[in-house]
Amino acid sequence: MYRITETILLSYYSNIDEVSQEELFAQLSSMIADILAACLTNLPQVIAMKCHTSFIEKREASVQVAAQLLGKTTQIINILQDRELPSLNDTDQLAFIDKWQVNLMHLFP
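According to UniProt numbering, the sequence shown is numbered sequentially starting from 1.
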């Protein structure tokens, strides 16, 4: 949240006369989309971690939470199917929002 706010403030104060509300909204929307894409990328790891808890007493509840998490994201995934997500080859790159942003900047200048 800090980085989003800092970026918007820097954009706004550096050229106060040239930045419109529409441009700020577009910039904010782009940042939120980047964050959402990074979160969805990490979803398989989160679900796997939830399902592999070591204590049997906690495993049932943890698997239930993982199933609910998957169910909640189904609608988001259906909406995103119409959009092309960036293809980052290296799995390590997928975890960094800066890599997503650079990739998206090349797709949508």
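Where a beta carbon is used, it is the ideal one built from N, C-alpha and C, also for glycine.
Between residue i and the rest of its own chain, which residues show a CB-CB distance below 8 Å, the 5 nearest in sequence each way excluded?
i, result
"Q68", "none"
"I56", "none"
Using the rule of at least 16 other Cβ atoms within 10 Å of the residue's Cβ for burial, across every protein chain shown, is residue i buried or exposed?
i, result
"T41", "buried"
"D34", "buried"
"A61", "exposed"
For residue i, which residues of its own chain have a beta-carbon under 7 Å away from its beta-carbon, when the five flanking residues on both sides are left out?
i, result
"C39", "none"
"L43", "T73"
Compute the distance between the beta-carbons of residue i and residue j, then report whether it is under 8 Å.
i, j, result
"V63", "K72", "no"
"I47", "A66", "yes"
So, for residue i: in the same chain, excluding its five sequence neighbours on each side, which residues have a beta-carbon less than 6 Å away from its beta-carbon?
i, result
"S20", "none"
"I4", "M31"
"H52", "none"
Go to residue i, then tell me how far its alpha helix (DSSP H) extends in each direction, as first and last residue.
i, result
"S30", "21-51"
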